[in-house]
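**Q**
Numbering (the working numbering), first residue to last: 55 to 247.
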């Protein structure tokens, strides 16, 4: 799933009307598994000067980066963090680690040849899903449409929960970015054909 979708869906699932204080931990937990990807892309594109085709076909699969991605996408490590936070009675940390786990659970069935090692360090197994959240060769157009609809429905729910103008503006901006990505990646190529 796209990072923006993780932010919105995790917030809709984990934030309760009576617990606005968990908003930031949930958002941070939803973002952290993808954080290394942004660092990687920034390095590959702007420091190493690689073209996008090389970034996603070669550099992404380099063992160094795959090891870093494995740490950020590890279900056992996020589960350990959640367990420790629970034992220490730290609800904000619990919300953050629960959000990381939710991110992993959403990603697990939506990655094909770019699957993460979600069970690192216990195993290097990768679940190669027949469905990809982005690859049209693996139902990516349909998966992305389902993701978009889920994000829009979750946003309608969140608009009732979020009271601040800044929060609502951020939600609408995130929805706009999600729509732009979907239209640019899937719809625009259809018009060009």
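For each residue, glycine too, the CB sits at the ideal point set by N, CA and C. Quick caveat, the model's predicted, so the values are computed rather than measured.
1. Let's test the definition: count the other Cβ atoms within 10 Å of the Cβ of residue 123 and tell me whether it reaches 16, buried, or not, exposed.
2. Taking the CB atoms as reference points, tell me whether residue 136 and residue 151 lie closer together than 7 Å.
3. Contact check, residue 64 vs residue 83 under 8 Å by CB: the rounded distance?
4. In this structure, does DSSP put residue 93 in helix, strand or coil?
5. Measure the alpha-carbon distance for residue 195 versus residue 204 and round it to whole angstroms.
6. Excluding the 5 residues flanking residue 193 on each side, which residues of the same chain have their C-beta closer than 6 Å to its C-beta?
7. Which word fits residue 126, buried or exposed, when buried means at least 16 other C-beta atoms lie within 10 angstroms of its C-beta?
8. Going along the chain, which unbroken runs of the alpha helix (DSSP H) with 4 or more residues stay wholly within the segment 131-187?
9. With DSSP collapsed to three states, give me the class of residue 189.
10. Rounding to the nearest angstrom, what Cα-Cα distance links residue 212 and residue 134 in this structure?
**A** Reading it off the structure:
1. Residue 123 comes out buried.
2. Yes. Within cutoff.
3. 7 Å
4. helix
5. 14 Å
6. 185
7. Residue 126 should be labelled buried.
8. As far as the segment 131-187 is concerned, its whole alpha helix (DSSP H) runs of at least 4 residues are 145-161.
9. coil
10. 29 Å
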